[in-house]
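Accompanying notes for the structure given below.
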Amino acid sequence: MEQQQQTETACIICGQEKEEGIVIVSHFICEDCESEMVHTEAEDAKYRFFIGRMKKINLQKHA
Ligand SMILES: [Zn+2]
-1 MEQQQQTETA
9 CIICGQEKEE
19 GIVIVSHFIC
29 EDCESEMVHT
39 EAEDAKYRFF
49 IGRMKKINLQ
59 KHA
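The opening residue of the sequence shown carries number -1 in this note's numbering; numbering runs sequentially from there.
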């Protein structure tokens, strides 16, 4: 196994492991989803979708 300097870099939105992205409250969000979120922030429906998605993934992590 390789030594990993980074911790988990699996995007909490799309679930894919990526190197480029941001970390929001210890949750990694890849570039694609981050830009998607920025674009959808004004759109309430899509924004809610992302929030719901995050909560779902958080729950899965606890399971
Ligand atoms: Zn993503």
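Here a beta-carbon is modelled for each residue, glycine too, at the ideal position from N, C-alpha and C.
- In chain order, the residues positioned with their C-beta nearer than 5 Å to some heavy atom of ligand 1 are C9, I11, C12, C28, C31.
- One alpha carbon belongs to E34, the other to I49, and they sit about 13 Å apart.
- Judged by DSSP in its simplified three-state form, I49 adopts helix.
- Between K16 and R46, the alpha-carbon positions lie close to 23 Å from each other.
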